[in-house]
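**Q** Reminder that position 100 of the sequence shown reads as 99 in numbering that gives the first Met the number 0, one-by-one numbering, no gaps.
A single structure is presented below for examination.
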Amino acid sequence: MACGLVEQLGRPLELDTDGIWCALPASFPENFKLKNKNGKELKISYPCVMLNVMVADHCTNEQYQTLVDPATKTYAVSSEMSIEFEVDGPYKAMILPASKEEGKSIKKRYAVFNFDGSLAELKVRCMDTAMHTPS
Numbered sequence: 000m001a002c003g004l005v006e007q008l009g010r011p012l013e014l015d016t017d018g019i020w021c022a023l024p025a026s027f028p029e030n031f032k033l034k035n036k037n038g039k040e041l042k043i044s045y046p047c048v049m050l051n052v053m054v055a056d057h058c059t060n061e062q063y064q065t066l067v068d069p070a071t072k073t074y075a076v077s078s079e080m081s082i083e084f085e086v087d088g089p090y091k092a093m094i095l096p097a098s099k100e101e102g103k104s105i106k107k108r109y110a111v112f113n114f115d116g117s118l119a120e121l122k123v124r125c126m127d128t129a130m131h132t133p134s
């Protein structure tokens, strides 16, 4: 579902359980500033807001139950939504290795570089966690 919207905005590069890497054109109007009547500004990221609204509309658990009283086994019912997108970047480049075999994809291997050439993120298959360099 989220990937479908991302495909309308830019080119998905990497799909993961916790995110979607996407290349957007430099001219894409990503960020907007809104001003309320009092003059206070609110900055929003269009892709982030649209993904969060869409996922909340389709994936909110309206029957989330929290134990209130263990003795009587009473539960409180509420709506819960724990999936939230955030925008990282922009970055200079994301390098994805090609597969050595036709028809097989490479999963969870990439390097991301900042505009100054420094490494922003490195993810390799043998380590199930991404390595982040400090900003």
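The C-beta atom is built at its ideal place from N, Cα and C for all residues, glycine as well.
(1) Do C21 and R10 count as a contact pair if the criterion is CB distance below 8 Å?
(2) By how many angstroms is the C-alpha of E120 removed from the C-alpha of K36?
(3) Closer than 8 Å by C-beta to M80: which residues in its own chain qualify, once you throw out the five before and the five after it? Chain order, please.
(4) I'd like to know whether the C-beta atoms of I43 and F31 end up nearer to each other than 8 Å.
(5) Find the nearest neighbour of E83 within the set L8, K34, G18 and A25, judged by alpha-carbon distance.
(6) Under 8 Å between the Cβ atoms of E108 and K122?
(7) Mind checking P46: buried by the 16 CB within 10 Å criterion, or exposed?
(8) For L33, which residues from the same chain have a beta carbon less than 6 Å from its beta carbon, with the 5 sequence-adjacent residues on both sides left out?
(9) Are the beta-carbon atoms of Y74 and Q62 separated by less than 8 Å?
**A** Put simply:
(1) Yes, the pair counts as a contact, with Cβ atoms nearer than the cut-off.
(2) C-alpha separation (whole angstroms): 40 Å.
(3) Only V54, A55, C58, T59 and N60 meet the Cβ criterion.
(4) In this structure, I43 lies near F31, with their beta-carbon atoms less than 8 Å apart.
(5) The shortest Cα separation from E83 among L8, K34, G18 and A25 belongs to G18.
(6) As written in the sequence, residue 108 is Arg, which differs from the Glu given in the question. The Cβ-Cβ distance between R108 and K122 falls below 8 Å.
(7) A residue is called buried once 16 or more other Cβ atoms fall within 10 Å of its Cβ, and P46 is buried on that count.
(8) Taking C-beta separations shorter than 6 Å and ignoring five residues to either side along the sequence, the partners of L33 in its chain run L41, following chain order.
(9) Their beta carbons are not under 8 Å apart, which means Y74 does not touch Q62 by this criterion.
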